[in-house]
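Protein chains: 2
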Amino acid sequence: MSPSAPPALPAPSSTPPLSRRDERRLATTAEIKAIARRQLAEHGPGGVSLREISREMRMASSALYRYFASYDELITALCVDAYDSVADALAAARDTRPADDHAGRWWQVCHAYRRWSLDNRPDFALIFGTPVPGHHAPESATGPAAGRFATVPFAVYAAAVDAGAADPDHTQVPPSLETGDLLRQLLHTDTGADTPHYPPRLAGITLTAWASILGFLVTEIFGSLPQLVTDTEQLFRAHVRTVMAGMGFQPTLIPADADCHR
Amino acid sequence: MSPSAPPALPAPSSTPPLSRRDERRLATTAEIKAIARRQLAEHGPGGVSLREISREMRMASSALYRYFASYDELITALCVDAYDSVADALAAARDTRPADDHAGRWWQVCHAYRRWSLDNRPDFALIFGTPVPGHHAPESATGPAAGRFATVPFAVYAAAVDAGAADPDHTQVPPSLETGDLLRQLLHTDTGADTPHYPPRLAGITLTAWASILGFLVTEIFGSLPQLVTDTEQLFRAHVRTVMAGMGFQPTLIPADADCHR
DNA sequence: GGCCTGTCAAGAGCAGTGCTCACAAAGTTT
DNA sequence: AAACTTTGTGAGCACTGCTCTTGACAGGCC
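If you read the sequences in order, they're chains A and B.
The first sequence begins at 1 in our numbering and counts up by one.
The second sequence begins at 1001 in our numbering and counts up by one.
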């Protein structure tokens, strides 16, 4: 009942010698997050209650503060997990296709994005809706995970352009674009050789394309798209094709609606 | 300080004879909403407090329940106002261009959409983010206003297709599409002669296009677009052009980036 | 062994919330 | 002027996140 399992932990890195106490601590921390996630799914955003969690775990409410300094910190942790989870899903989908099938990779990433969003609605709402009482998670914590998430589509498109599968000149985005601080930082502290040469123009193209995809998901999940068009799956495929055309992908590489049995 | 003024009231319709009491009632109702809107802007979604409102108005908190049966009902009222407000903005922008300048009308509507969203961030968050503690406003109340909002882009595109300014065949959306209940209902109880013949395919095209625009706004307002690209205005123009191309607008009608001094 | 230190948990309590109810003070209608 | 309807009051309930003090237990030191 909790499809958004806590994603691959940052890996035990170096020292496995976990003392018995540290182990229990990790366990209860995970349990708290699991219950919180369930509450999120059942009662919607804002429906997470520390006291209710403590009641469910038969603990004093004050004990929770040994694990999370505040309500916001709990929510932030959930956000980070959600970003990690979606980033994993996107990366996995990307690797479904060989490295030289750029259009296929983009296609898969987009569909994985949608699948994850539909399967993990609470997490989707957490990240892309206004999260909870107002406070958005601080970028300091959520930044790295979000970066990992954003990097995937960027890298895929950059590789496609590099290989000639997509042409930025067949695009409405002008060649020169002023880039912000975050982008520069994101491209420098990147996953090394993943992103080759990356002019701002590509960032603009990817950004608008990615925004279009997100818009569809928001409309489908928060909005009333399902009540307007029943076969949202088909419409999404059309949407992705439109977006790919707008990104300058070669028309022959864009999959027709026929061969979409995966 | 309250840019999202309560939009044009439904008009006094017939009987102006408002008793002194009814007048005061309307006034206080409006005052409550105004303060709530301000709290929304200052403390974010979820930052609206009935008790704080009552304190500010020097009333007992229980008195507010004479005007709004619950917290949710207040929020719902704010949602409806927001929908009305954005619908007005879109309609006004549409009428900026003559009825036969279909591309110009779409262009204007998109930019008015963005302007309104940037100028009324709290309202934007209310409608398109997960609103507050979880409860989305009931469609029964928000439906008509939302319909008025959605109708504008639909009608503009339908007229464009009718006049040959846009061709659905130059589109990735398949000719046949299963439509849902809401769409049928929306097209029947429409603004009369505004929407001519309206096959589901056009709905699909408009829907995906509109979703793309929304996605950009979400990324700009909730996301970190401004930190990635500084000249978001220029990028938005490119985005709208991409979307218009994807809708099958004739390339010659899509404005170049040069003549975008309005 | 004994001891000290850091961790975990409990319970009372504070300030705040939305909401309900019985009751009093206005305003409107008959 | 009486009868009625609408507003406003204040106390109170159940709930929230959060803080503080207090007591128990486990780990590593001499």
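Built from N, CA and C at the ideal position, the CB exists for glycine as well.
Here the structure is a predicted model, which means the values were calculated and not measured.
If we ignore side chains and look at the alpha-carbon of each, how far apart do residue i and residue j end up?
| i | j | result |
| --- | --- | --- |
| A:G248 | A:D169 | 7 Å |
| A:A8 | A:A27 | Confidence is the limiting factor: at A:A8 the pLDDT is only 42, short of 50, which leaves the residue's position unreliable and the question unanswerable from this model. |
| A:M59 | A:I35 | 13 Å |
| A:R51 | B:A1125 | 28 Å |
| B:Y1071 | A:P226 | 28 Å |
| A:C79 | B:C1079 | 26 Å |
| A:R115 | A:Q234 | 14 Å |
| A:D123 | B:I1213 | 23 Å |
| A:Y198 | A:A159 | 10 Å |
| B:G1143 | A:R184 | 43 Å |
| B:D1167 | B:R1105 | 16 Å |
| A:A145 | A:A77 | 11 Å |
| A:R37 | A:E56 | 13 Å |
| B:A1091 | A:P98 | 48 Å |
| A:V243 | A:Y157 | 12 Å |
| B:D1100 | B:L1074 | 41 Å |
| A:G192 | B:G1147 | With a pLDDT of only 47 at A:G192, under 50, the local geometry of the prediction cannot be trusted, and no value is derived from it. |
| B:D1119 | B:Y1083 | 14 Å |
| A:L182 | B:D1257 | 26 Å |
| B:Q1250 | A:T171 | 15 Å |
| A:T232 | A:W107 | 16 Å |
| B:D1022 | B:A1030 | 12 Å |
| B:R1025 | B:L1186 | 33 Å |
| B:T1096 | B:T1252 | 20 Å |
| A:T195 | A:D81 | Note that A:T195 scores a pLDDT of 47, beneath 50, so its modelled location is shaky; the value from the coordinates is reported in the next line. Each residue's alpha carbon lies about 24 Å from the other. |
| A:P175 | B:A1103 | 24 Å |
| B:G1044 | B:S1019 | 36 Å |
| A:P200 | A:Q39 | 41 Å |
| A:S61 | A:A69 | 12 Å |
| B:S1224 | A:A141 | 15 Å |
Taking C-beta to C-beta, are residue i and residue j nearer than 8 Å?
| i | j | result |
| --- | --- | --- |
| B:F1239 | A:T208 | As written in the sequence, residue 1239 of chain B is His, which differs from the Phe given in the question. Result yes, Cβ atoms of B:H1239 and A:T208 sit closer than 8 Å. |
| B:G1215 | B:V1173 | no |
| B:L1217 | B:S1085 | no |
| B:L1177 | A:V48 | no |
| B:I1032 | B:Y1067 | yes |
| A:I254 | A:R241 | yes |
| B:A1041 | B:S1054 | no |
| A:A155 | B:T1219 | no |
Helix, strand or coil for residue i? Go by DSSP, reduced to three states.
| i | result |
| --- | --- |
| A:F68 | coil |
| B:V1229 | strand |
| B:I1249 | For clarity, residue 1249 of chain B is Phe in the given sequence; the question names Ile instead. The answer is strand: DSSP assigns B:F1249 an E or B state. |
| A:A211 | helix |
| A:A166 | strand |
| B:T1171 | coil |
| B:T1179 | strand |
| B:T1195 | With a pLDDT of only 47 at B:T1195, under the threshold of 50, the placement of this residue in the model should not be trusted; the figure read from the coordinates follows. Three-state result, B:T1195: coil. |
| B:M1057 | coil |
| B:V1048 | coil |
| A:T206 | helix |
| A:R97 | coil |
| A:S85 | helix |
| B:P1122 | helix |
| B:I1127 | helix |
| A:I32 | helix |
| A:S117 | helix |
| B:S1002 | Any reading at B:S1002 needs caution, since the residue's pLDDT is 42, under 50, leaving its predicted position unreliable; the model's value is listed next. Coil at B:S1002, not helix or strand. |
| A:G143 | helix |
| A:F216 | helix |
| A:A27 | helix |
| A:A91 | helix |
| B:G1104 | helix |
| B:S1062 | helix |
| A:T255 | The identity of residue 255 of chain A in the sequence shown is Pro, whereas the question assumes Thr. Three-state DSSP puts A:P255 in coil, outside helix and strand. |
Whole-angstrom Cβ separation of residue i and residue j, contact assumed at under 8 Å?
| i | j | result |
| --- | --- | --- |
| B:L1202 | B:V1161 | 6 Å |
| A:F128 | B:F1222 | 7 Å |
| B:A1112 | B:A1089 | 5 Å |
| B:R1094 | B:V1109 | 5 Å |
| B:G1246 | A:A245 | 7 Å |
| B:G992 | A:G46 | Not covered by the structure: residue 992 of chain B. The range shown for chain B is 1001 to 1262. |
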